[in-house]
Structure formats: C-alpha cells, structure tokens
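Visitor: Chains as they are written, first to last, in the UniProt record's numbering: chain L, 1 to 344; chain Y, 1 to 331; chain B, 1 to 412.
A virtual CB, placed ideally from N, CA and C, is assigned to each residue, including glycine.
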C-alpha cells in the first residue's frame with residue numbers, strides 16, 4: 001500500500017519509524033526540535049529543523065531523544081560518534097553539508113576510522129543527515145554538494161536519494177546499518193511528491209536503480225540530477241535515441257556492476273552531477289568505466305557537471321551553473337558528432 | 001538531594017593501594033621498556049610515552065568500572081593500562097603484530113578496547129573531548145549510572161572542541177569528568193605561552209561547573225578529587241574539570257631532544273617528585289603497603305612486561321588480507 | 001583565460017605540422033620562453049616556447065598528431081584553470097548562450113580528415129575491439145563519428161559487407177601466404193622528420209624520371225692547392241677552405257655556365273634560374289637537412305666556405321628556419337666521409353639535379369705512358385630526364401670535373 005508523500009515527509013516518517021522500532025535511536029542536531037527551554041513550548045518543537053523536516057518528532061519522542069544542540073558542530077558530531085560507539089544509534093543532523101568544515105575531524109578521523117583502527121572491535125552505527133544542493137539561491141556556503149568528499153573516505157557510506165520512496169527506504173537502512181552513513185537530502189527536493197510504501201521497509205545500499213532502459217546511451221545521474229537526466233532522455237527519445245538512466249542511489253558502496261553492464265550495452269556514458277567536476281563522483285565513475293569497460297566504449301565519456309567554481313548567488317548565474325537537459329544533449333551530440341542536435 | 005559523604009584518600013584500602021601501585025608500576029615499566037625498544041628501532045611509527053604521569057591515569061581509573069568509558073590522547077598507554085587493557089595485547093599492538101589489541105591496525109596512537117570502556121587513544125589533539133560527552137550522552141539516554149572520563153592535555157584546552165564539549169556537558173548535566181593532564185608542554189611549547197589562563201580548572205567557573213586543580217604527581221590528591229567528581233557524575237550532578245599538574249618524564253615523542261626543558265625541574269621530577277616514589281612513601285607511611293609487598297609487585301610487573309615483549313616479538317605480523325578488512329562492518 | 005600554444009606557420013608551404021614530443025606535461029609550470037613542445041613541419045623540427053608564464057593546463061594534440069597551422073596544441077593558464085572548451089560542464093560551457101553552444105558543437109575545429117591523408121586514425125575503443133575480432137582493417141573503414149572517428153557502427157557495417165562478399169575477403173593473397181611472420185625486432189613508429197623524409201623520398205622516386213651519370217675528377221692538384229690555400233689563409237681564422245668548399249664552388253661555376261641544369265620542374269613547367277641557390281646536405285642523427293646557400297653565383301670561394309660552415313653548424317643546433325631550408329636550385333650531397341665511391345643520389349624535387357660526392361681515393365693513373373699516383377674523386381649526378389636530356393647533363397658533369405681539375409680558376 002503506497003501513499004503520496006513528499007521527500008520531506010518521507011524523511012520524517014522514516015525517523016519516526018526508526019525511533020519507534022528502537023529506543024536507542026536518537027535525533028540530535030541544531031534545532032532539530034527548536035525552541036528548547038522556551039516556557040510556552042515545553043515538549044513541543046519550534047522548527048523541526050531549519051526546513052521543518054523533523055517537525056513533530058519531538059512531540060512524539062520528547063526532548064530526551066530529540067536533542068537540540070548548541071551551534072557547535074565538532075562538539076555534537078563527536079558526541080554522536082561516541083554515543084554510537086557506546087550503544088546508541090544516533091541520527092545526527094548536520095544542518096548544511098557546507099558546515100562539515102567545523103566537524104570534519106569527527107566524521108573523517110573518528111567515525112570513519114574507529115572500526116578499522118580498533119581492529120574491528122568497535123562499531124559506529126551513526127547516521128548523519130545533511131542538506132545539499134544548489135537551486136535555492138543560497139549562495140556559495142549553503143548550496144554545495146559535497147558527497148564526493150565523503151565518498152573519498154574509506155569507512156563512510158554515502159547515500160544520495162533522488163525521490164521520496166528511495167529516501168525513506170535508504171534512510172531506514174542507514175539508521176540500522178552498523179557503519180557510519182551520511183545521507184544527503186537535496187534541499188530543492190523537499191517538496192517533491194511521490195508514491196511511498198507505508199510502514200517500515202529498507203532499501204539496501206550498493207544497488208542502483210535503472211530508471212529507464214535504453215540501448216544508445218547510459219546516463220548516470222547523481223541525486224537530484226537523475227531528474228535532469230530523465231528529462232534529457234525524453235528529449236533524446238524524440239530524436240530516436242534510447243537512453244538508459246541509472247540512479248546509483250549510494251555512492252559508497254557504488255553499484256559498479258549495473259553501470260558497467262549498461263555501458264557494455266550502450267557504448268556511451270554521460271555522468272550528470274551538480275557537484276564540482278574535479279575529483280568528483282562523476283570523475284570517479286568515469287574512471288571506473290574507463291578502466292573496466294574500455295573496450296565497450298564507442299565514444300569518450302562525458303561529464304555534465306557544475307564548473308570548477310563556487311555556487312553563485314544571482315539566480316540567472318546559478319541557473320547557468322547547474323547541469324541541464326540541454327547541456328546533456330550537447331554533450332551527447334559531441335559524442336556522436338551529429339549536428340542535428342546543435343539546434344536543440 | 002541528600003548530602004553525600006565526601007570521598008577521602010584516607011578511605012583507600014590496602015587492596016586498592018596494592019592495585020594502584022601495581023598499575024603505576026605497570027605503566028612505568030611498560031613505558032621504560034618501550035623507550036628502550038624504540039631506541040633499538042624495533043618499534044615502528046610515532047610513540048608518545050606516559051611515564052611520570054601515572055598518578056593521574058591510575059588515580060582516576062581507580063574509581064571506574066568496565067562499564068565506564070574513557071577517551072584518551074596520543075599519549076595513551078597509561079590510560080589503557082589503568083583502564084585494564086591487556087598488556088600483552090598492547091605491546092603487540094605497538095609492535096604492529098596481528099595479536100595486538102587492534103590486530104596491528106591501530107598502533108601506539110590508537111590502542112583501544114571497547115569491552116574495557118577504553119574508547120581509544122587518539123591521534124588528534126582535542127578529539128577525545130566530544131567523544132567523551134557522547135559516551136556521557138549514551139549513559140543519560142539509557143539512564144545508566146555510567147560515567148565518561150576524558151583525559152586530555154593542556155594543549156587540548158586551547159582547542160575549540162574543549163569548549164564545545166564542556167559547554168554541552170554542562171548544559172545537559174552529562175556524567176562526564178574532564179581530566180586535564182597539565183604537564184606544562186603542548187608538544188614543545190609551554191603552557192604559559194599557549195594558554196591565556198593560568199589554571200584550566202578556572203574555565204569551569206564560566207561553564208558553571210565544578211573545577212579543581214590538584215598535584216598530579218601526588219596520587220592521593222588525584223584519587224580523592226577524582227573520587228568526588230565521579231561520584232557527582234554518577235549522581236547526575238554534571239561534569240567536573242579536574243586539572244592535574246604533572247610532568248612528562250620523556251619528550252613529546254620518542255626522539256625529542258627536549259632542549260626546551262629546565263634541567264632543575266626535570267631533575268626534581270625524576271627524583272624526589274617522582275610519582276611512584278611518592279606513592280611508595282605514602283603507602284608505607286599509611287601502612288597500606290610494606291616494603292616486601294612493593295618488591296614483590298615490582299618483580300611481578302617486571303615479569304609481566306618481559307612476557308609482553310616476548311609475546312609481541314614472537315607474534316606474527318598481520319596477514320596481507322588485513323589491509324582491507326574491518327573498513328566496514330558490512331559493505 | 002588560458003593562452004593557446006598554436007601550431008605556427010613556419011614557411012609558406014606549410015599547412016600542418018606534427019607534434020614530435022611534449023617537453024612538459026599537463027600541470028607543469030612553465031616560464032615564458034621555455035620550450036614546451038617539439039613539432040615538425042615537412043622541413044624542420046622546432047621547439048615551441050611558452051607564450052607566457054603559467055601552467056600547462058591542457059594538451060590538445062598528443063604526440064604524432066597532425067595539426068593544421070593556427071590550431072591549439074595546448075593551453076597555458078593558471079593552476080586549477082580549466083580549458084573547458086569541450087566539456088559541457090566547464091565554466092565557459094555553462095555560461096554559453098545557445099548560439100555559442102552551437103558554435104562549439106559545430107566547430108570542434110578539427111580538420112576534415114576524410115579528404116586528406118589520415119596520419120592518425122580516430123577510433124573508439126569499442127570499434128577497435130570489434131575490428132580486431134572481426135579482422136577488419138581500420139584504414140579501410142570510413143568513420144562517421146565526430147571528426148571522422150570510427151565508431152562501432154562503422155566497423156559493424158564493414159563486417160556486414162564482408163559477410164556479403166565472403167570470397168573476396170576470405171582468400172588470402174599469394175603474397176600473404178608467402179610472408180613468413182616476422183618475430184622479434186624493435187618496432188619504432190615512423191614520426192617527425194623521419195616520416196617527412198620517407199614521404200619525400202617516395203614522392204621523388206615516384207614522380208620524377210631520374211637517372212644517374214657518373215664520372216671521376218682528378219683532384220690531385222686540387223688537394224695540393226687546398227693545402228696551400230689553407231696555409232695562406234691561416235692568418236684569417238674564419239676561412240678554412242675544405243674540399244667541400246671547392247666542390248661547391250666548382251658546381252656553382254658549372255651551373256652558371258649550364259643554366260639548363262640550374263632549374264626546377266614544377267607544375268608541368270621548367271623554370272631556369274640565373275643565380276644559383278645551392279643546397280648542401282648535412283647529415284644529422286634525425287636525418288638529412290639541406291641548408292641553402294643563396295645567391296651562390298655571386299659569392300667568392302671564401303664566402304661560400306663561410307656560409308657552408310655556418311649553415312651546417314646551425315643545422316646541427318637545429319636553429320635553421322624554414323627559409324634557410326628551402327628554395328635551392330641544385331643540391332650537393334656527400335657520402336665521402338663513409339668511404340662510398342659512386343652512388344645514386346635522390347633528387348630533391350622540384351630541383352632537376354643533385355650531385356653526389358664520393359670519397360677521394362689514390363689510384364695509379366696513366367698520364368700519357370706514365371703511371372702516376374693520382375687522387376680521384378667519384379662524382380654521381382642524378383638528373384630529371386623530364387627536364388633535361390643526357391647530353392646536356394653530361395656536359396654539365398664534365399664542366400664540374402673540369403672546374404675541379406683546374407682549381408686556380410675557382411679562386412679567380
């Protein structure tokens with residue numbers, strides 16, 4: 001039984017289900033409830049997170065398990081890491097992924113390394129929820145998509161859901177996974193509606209979804225860019241080219257097999273990623289395919305990404321900054337050398 | 001709330017004193033042995049020795065159980081021993097052997113044993129402070145009476161994580177004891193130079209928690225202050241900053257020429273102010289330990305350390321497959 | 001903005017050049033004026049210098065790439081800068097208007113290779129693999145991808161065609177059966193100057209009607225004279241007359257008297273020149289270059305001597321420009337230092353004559369009835385029979401011989 005639900009509500013639903021299922025699950029972060037110690041609010045929240053995603057959760061579970069923190073990312077992220085190592089399953093919210101600079105040590109050197117450094121004898125079942133994505137004119141310090149930074153670090157798992165249903169299943173999987181997981185919530189998708197299965201379910205990591213089958217071109221979209229890829233695929237279909245669109249859903253682990261099998265079929269690959277182009281998920285996937293499917297490539301691998309520059313504020317600039325169906329089609333035309341596309 | 005009886009060093013039993021003395025000796029002899037073996041080139045990597053600061057780790061951990069957690073620093077061997085980590089496993093870990101506490105994957109700076117509540121030595125200055133409040137948070141959420149102790153140096157008190165963690169522990173009244181081992185040096189820079197405050201315990205005032213400074217070379221002082229702080233934490237009265245003034249007998253790391261040290265101060269620390277010597281005198285004068293007992297413990301510890309070295313030397317290096325295992329629980 | 005390193009035009013006839021070697025790698029810092037890439041035209045190899053300080057941020061043309069003049073070989077910029085002219089995700093691409101986007105698409109500014117020789121095939125990995133398994137010669141496949149790239153579909157089409165005509169393909173030719181496989185050896189791709197020489201030689205032999213006349217000049221007196229002349233000139237350090245200088249002068253003088261040999265055959269016409277621009281071949285490790293002594297007919301022996309020395313030094317340093325390497329009306333080449341006597345020089349078209357100079361050897365020679373020890377110089381004249389007949393060619397060669405045998409006239 002599915003119901004129509006927003007991306008934001010899917011997150012809220014997943015957190016409640018997780019907290020009901022296991023009392024060791026706590027929600028911790030800046031204003032995840034909001035309004036702590038305001039007399040007239042008592043056990044009510046003011047905000048439920050800066051975008052209201054966790055609204056209502058404190059009312060159900062109380063401030064003992066929905067914990068507002070000072071604006072001190074290193075402090076509370078470190079606490080969440082060790083709370084995980086000592087028996088809780090914290091869901092720690094890093095309000096914007098851009099703030100990782102204030103607590104990277106806790107994620108990169110502590111959470112990611114405990115299990116390995118301690119010879120497999122410690123585990124850190126921590127879920128970090130964080131907000132990424134450009135498109136809201138939030139400028140350079142609130143719009144980045146930094147999943148590549150975490151994908152780079154062994155010991156972390158990286159989740160980039162592109163729709164409400166995936167978000168719910170992947171977030172629940174994250175909470176009950178025994179490794180530290182970072183889940184990226186694209187802020188521009190919070191209002192996106194989709195059919196979501198009711199009740200508890202999980203989606204395993206490392207399993208890509210083929211959103212659309214095709215034989216002429218493979219497009220791998222990262223997070224929200226799956227949607228851009230699907231739009232481009234529609235336009236290409238009108239020109240007679242069938243595009244396979246793949247949503248990897250998790251960047252670490254990465255479902256290499258599904259991507260490589262698709263490229264073996266189509267011989268052409270475009271990766272669409274709104275993150276910076278260098279040392280990114282796009283370059284990583286390009287390298288893997290170049291390595292493992294070289295003989296199947298019938299055209300250079302193209303990456304449609306943001307430019308190597310910070311996210312601009314001004315709305316027209318930000319629009320130019322982002323990948324678009326037109327850029328994807330232009331990239332494809334460079335691959336096949338078909339001038340029919342130049343007017344697209 | 002009922003007024004609790006204050007802990008006092010005078011309540012120390014002979015049994016406790018014997019445990020304390022053994023732990024102090026284990027740390028001292030362990031570190032002296034590591035110092036010698038490192039010089040011979042048999043130990044890889046960075047090594048930071050705890051010798052001289054034994055009274056702090058032992059005086060605090062004397063009040064803890066395996067359910068209590070500690071976080072440590074890069075100078076963590078003493079905390080591990082005081083918290084009950086296996087000495088053979090520690091030595092093997094430092095040697096990078098498969099039988100090490102962390103299978104040889106952590107080394108001197110990352111010895112851990114979660115089953116003993118030892119959440120790991122840590123290569124990052126200041127990292128242990130937020131981790132300690134996390135363990136405190138677990139105790140609070142799970143409503144246990146476990147406490148978390150954070151050992152950190154005077155250097156870390158200048159780090160942002162100290163202030164973030166102390167503030168959070170204070171506002172949430174977490175069962176955490178922040179134990180500052182003020183040995184006068186952050187690496188090669190003096191505490192006087194690097195810190196604006198004269199006393200790290202003074203920060204407690206600003207955070208409205210209890211702060212105290214004791215002679216960290218004097219075991220009874222540490223024992224008594226830590227006993228009271230741990231008891232407060234278990235009663236839900238929140239965190240304490242306990243500053244222990246101590247001295248680092250060796251350099252910052254093995255190989256440090258220590259040109260920044262005052263020779264007179266060092267001489268005094270290594271002789272009349274030596275923590276172990278002082279505790280021997282205390283235990284004898286308070287009839288907790290006799291000379292024979294001390295000699296027996298000394299010999300026992302020597303045999304223990306010799307065994308650890310032999311164990312480490314005879315242990316194999318980890319199998320090649322170990323490079324990529326334990327990265328994830330599942331992947 | 002990144003600055004382009006372009007394929008320069010190094011002579012009137014030059015349309016494209018070949019990348020021989022990149023002296024810097026992507027990411028290397030470069031100083032203005034520092035050599036970045038070696039290129040070769042059909043005449044010359046040359047190092048290109050960085051147009052400004054910066055970092056080599058991109059290499060567009062790899063080694064062996066044949067690049068039209070004016071096109072970028074690579075880019076100098078600041079560290080971290082991207083060139084981004086082709087990636088749809090690059091900064092420039094992102095801020096492009098629709099119009100400029102289509103510009104980029106239409107003009108990956110690659111030459112239309114389909115109408116020219118294709119020195120380097122552009123083949124996709126998938127096409128290459130399919131060609132290998134399908135036994136398809138990629139040189140015979142027409143690429144339909146961008147800039148003529150051969151893609152999988154192109155190879156597949158050829159394979160289909162082959163299936164339809166099995167007989168023609170499946171029977172190996174007699175020659176193929178006879179060829180034993182070559183095993184071992186070191187294979188080096190023919191590139192740069194070697195490649196240019198290969199093309200020139202083949203063209204010379206295929207497109208002219210060349211043949212060679214041979215005679216011997218008695219240079220006993222010349223050698224004697226050269227020794228004396230050297231001693232006489234010893235006060236002037238710069239002039240050290242060599243036998244080569246005398247031969248050059250003897251040829252120049254002969255050409256002035258036999259202008260029909262001082263000519264070029266081009267576009268079905270023969271152009272005869274009044275003055276002599278003499279090419280003098282210099283052997284380098286990379287191959288042969290032929291610097292030109294211009295207006296040699298107006299120059300004295302010592303002036304010719306000086307120029308030959310300078311030109312050969314410049315050739316060894318690689319600092320000759322194209323102008324100094326082109327425009328000769330006749331050439332001299334020598335294998336004398338290798339002990340070769342007569343040989344068959346190959347014409348340097350459009351010239352119609354080239355004189356091959358062999359090694360001098362002492363032989364017994366009858367002068368009248370008397371047997372004398374004489375020093376003999378073998379001369380081999382190759383001429384283009386399209387332009388000149390045997391008799392006038394022989395007359396020219398005899399004139400050269402006569403000039404060498406009367407050395408005094410050469411300095412007068």
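Can you list, in chain order, the stretches of the beta strand (DSSP E) that have 3 or more residues and sit fully within the region 123-166 of chain Y?
Guide: 148-153
Visitor: For residue 32 of chain Y, go through chain L and note every residue whose CB falls closer than 7 Å to its CB, in chain order.
Guide: In the second chain, residue 32 of chain Y corresponds to position 32, counting from 1. Under the 7 Å cutoff, chain L gives no residues; its nearest Cβ is about 26 Å from residue 32 of chain Y.
Visitor: Any C-beta of chain L within less than 8 Å: which residues of the region 127-146 of chain B qualify?
Guide: Legend: CB atoms of the region 127-146 of chain B lying less than 8 Å from CB atoms of chain L belong to residues 127, 128, 129, 144, 145, 146.
Visitor: In chain order, what residues of the same chain have a beta carbon less than 6 Å from the beta carbon of residue 123 of chain Y, not counting five sequence neighbours either side?
Guide: Taking the second chain and counting its residues from 1, the one referred to as residue 123 of chain Y is at position 123. Correct list, in chain order: 74, 109.
Visitor: With a cut-off of 8 Å, does the C-beta of residue 74 of chain B fall near any C-beta of chain L?
Guide: Here residue 74 of chain B corresponds to residue number 74 of the third chain, with the count starting at 1. By this cut-off, residue 74 of chain B is not an interface position.
Visitor: Rounded to whole angstroms, what is the Cα-Cα separation between residue 367 of chain L and residue 135 of chain Y?
Guide: Only positions 1 to 344 of chain L appear in this structure, which leaves residue 367 of chain L out of reach.
Visitor: Interface residues of chain L around residue 151 of chain B at Cβ under 9 Å?
Guide: Indexing the third chain from 1 puts residue 151 of chain B at position 151. Those are 267, 298, 299, 336, 337, listed as they occur along chain L.
Visitor: I'd like to check one pair, residue 228 of chain L with residue 161 of chain L: are the Cβ atoms closer than 8 Å?
Guide: For the purposes of this step, residue 161 of chain L is taken as residue 161 along the first chain, with counting starting at 1. For the purposes of this step, residue 228 of chain L is taken as residue 228 along the first chain, with counting starting at 1. No; because the gap between Cβ atoms is not below 8 Å, this pair is not in contact.
Visitor: Taking the alpha-carbon positions, what's the residue 378 of chain B to residue 245 of chain B distance?
Guide: The residue you call residue 378 of chain B lines up with position 378 of the third chain. The residue you call residue 245 of chain B lines up with position 245 of the third chain. Spanning the two alpha carbons is a distance of roughly 16 Å.
Visitor: Just checking: is the beta-carbon of residue 347 of chain L within a distance shorter than 8 Å of some beta-carbon in chain Y?
Guide: Given a span of 1 to 344 for chain L in the structure shown, any question on residue 347 of chain L remains unanswerable.
Visitor: May I ask you to report which of helix, strand or coil DSSP gives residue 203 of chain B?
Guide: Sequence index remark: in the third chain, residue 203 of chain B carries index 203 (1-based). Helix.
Visitor: Taking C-beta pairs closer than 8 Å, name the residues in chain Y that residue 303 of chain L reaches, listed in chain order.
Guide: Position 303 of the first chain holds residue 303 of chain L. Near residue 303 of chain L there are no residues of chain Y at all, since even the closest Cβ is about 26 Å away, more than 8 Å.
Visitor: Which ranges would you report for the alpha helix (DSSP H) in the region 49-123 of chain L if only whole runs of at least 4 residues count?
Guide: 57-61, 73-85, 114-117
Visitor: What residues from chain L crowd round residue 80 of chain B, counting only those whose CB sits closer than 9 Å?
Guide: Counting from 1 along the third chain, the entry for residue 80 of chain B is found at position 80. Residues of chain L passing the Cβ test: 278, 308.
Visitor: If distances are taken between C-alpha atoms only, which option among Y:221, Y:304, Y:254 comes closest to residue 12 of chain Y?
Guide: Mapped onto the second chain, residue 12 of chain Y falls at position 12. For the residues Y:221, Y:304, Y:254, the minimum Cα distance to residue 12 of chain Y belongs to Y:221.
Visitor: List the DSSP bridge partners of residue 263 of chain B.
Guide: Here residue 263 of chain B corresponds to residue number 263 of the third chain, with the count starting at 1. According to DSSP, residue 263 of chain B bridges with B:272.
Visitor: Short of 9 Å Cβ to Cβ, which residues in the region 53-73 of chain L face chain Y?
Guide: 64, 65, 67, 69, 70, 72, 73
Visitor: Compare the C-beta of residue 295 of chain L with all C-beta atoms of chain B and state if any pair is closer than 8 Å.
Guide: The count along the first chain starts at 1 and reaches residue 295 of chain L at position 295. With 8 Å as the cut-off, residue 295 of chain L counts as an interface residue toward chain B.
Visitor: For the region 125-145 of chain Y and the region 86-95 of chain Y, state whether three or more C-beta atom pairs, one from each stretch, are separated by less than 8 Å.
Guide: no
Visitor: Residues of chain L with a CB under 9 Å from the CB of residue 77 of chain Y: which are they?
Guide: Along the second chain, one-based indexing puts residue 77 of chain Y at 77. None at all; the shortest Cβ gap to chain L is about 16 Å.
Visitor: Candidates B:49, B:25, B:42: which alpha carbon is nearest residue 34 of chain B's?
Guide: Taking the third chain and counting its residues from 1, one reaches residue 34 of chain B at position 34. Minimum Cα distance to residue 34 of chain B is reached at B:49.
Visitor: Considering residue 5 of chain L, what are the terminal residues of the beta strand (DSSP E) in which it resides?
Guide: Start at 1 with the first residue of the first chain, and residue 5 of chain L comes out as number 5. Counting along the chain, the beta strand (DSSP E) containing residue 5 of chain L begins and ends at 2-6.
Visitor: Give the range of the alpha helix (DSSP H) segment to which residue 408 of chain B is assigned.
Guide: The residue labelled residue 408 of chain B in the question sits at position 408 within the third chain. Segment 407-411, the alpha helix (DSSP H) holding residue 408 of chain B.
Visitor: Cα separation between residue 135 of chain L and residue 142 of chain L?
Guide: On the first chain, position 135 is the one that residue 135 of chain L refers to. On the first chain, position 142 is the one that residue 142 of chain L refers to. About 10 Å.
Visitor: So residue 109 of chain L contacts chain Y; which residues on that side make the cut at Cβ distance below 9 Å?
Guide: Reading the first chain from its first residue, position 109 is the one you call residue 109 of chain L. The answer, in chain order, is 122, 123, 124, 127.
Visitor: From the DSSP output, in three-state form, read off residue 319 of chain Y for me.
Guide: What you label residue 319 of chain Y is simply residue 319 of the second chain in a count that begins at 1. Note: residue 319 of chain Y maps to coil in three-state DSSP.
Visitor: When burial is assigned at 16 or more other CB atoms within 10 Å of the CB, is residue 241 of chain L buried or exposed?
Guide: By one-based count along the first chain, residue 241 of chain L stands at place 241. Looking at its Cβ environment, which holds 16 or more other Cβ atoms inside 10 Å, residue 241 of chain L is buried.
Visitor: Assign residue 48 of chain B to one of three DSSP states: helix, strand, or coil.
Guide: Within the third chain, the letter at position 48 stands for residue 48 of chain B. In the structure shown, residue 48 of chain B sits in a strand (DSSP, three-state: E or B).
Visitor: Between residue 140 of chain L and residue 27 of chain B, what straight-line distance do the alpha-carbon atoms span, to the nearest angstrom?
Guide: Along the first chain, read from residue 1 onward, the residue named residue 140 of chain L stands at position 140. Along the third chain, read from residue 1 onward, the residue named residue 27 of chain B stands at position 27. Cα to Cα, residue 140 of chain L sits roughly 27 Å from residue 27 of chain B.
Visitor: Leaving out five residues on either side along the sequence, give the residues of the same chain with a beta carbon under 6 Å from the beta carbon of residue 277 of chain B.
Guide: Locating residue 277 of chain B in the third chain gives position 277, counting from the first residue. For residue 277 of chain B, where only same-chain residues beyond five positions count, the Cβ hits under 6 Å are 292, 294, 327, 328, 329.
Visitor: Can you tell which of Y:59, Y:34, Y:48 has its C-alpha closest to the C-alpha of residue 224 of chain Y?
Guide: As a position in the second chain, residue 224 of chain Y is number 224, starting the count at 1. Among Y:59, Y:34, Y:48, the Cα nearest to that of residue 224 of chain Y belongs to Y:59.
Visitor: Applying the criterion that 16 or more other CB atoms from any shown protein chain within 10 Å of the CB defines a buried residue, is residue 188 of chain Y buried or exposed?
Guide: Residue mapping note: residue 188 of chain Y aligns to position 188 of the second chain, counting from 1. Its Cβ having fewer than 16 others within 10 Å, residue 188 of chain Y is exposed.
Visitor: Between the alpha carbons of residue 353 of chain B and residue 41 of chain B, how many angstroms are there, rounded?
Guide: Locating residue 353 of chain B in the third chain gives position 353, where the first residue counts as 1. Locating residue 41 of chain B in the third chain gives position 41, where the first residue counts as 1. Their Cα atoms are separated by approximately 24 Å.
Visitor: Anything in the region 101-118 of chain Y with a Cβ closer than 8 Å to a Cβ of chain L? List those residues in chain order, please.
Guide: 101, 102, 103, 104, 105, 106, 110, 112, 113, 114, 115
Visitor: For residue 89 of chain L, count neighbouring Cβ atoms within 10 angstroms of its own Cβ and tell me buried if that reaches 16, exposed if not.
Guide: Residue mapping note: residue 89 of chain L aligns to position 89 of the first chain, counting from 1. Flag for residue 89 of chain L reads buried.
Visitor: Find the residues of chain Y that neighbour residue 26 of chain L, judging by a C-beta separation of less than 7 Å, and give them in chain order.
Guide: The count along the first chain starts at 1 and reaches residue 26 of chain L at position 26. What residue 26 of chain L touches in chain Y: 141.
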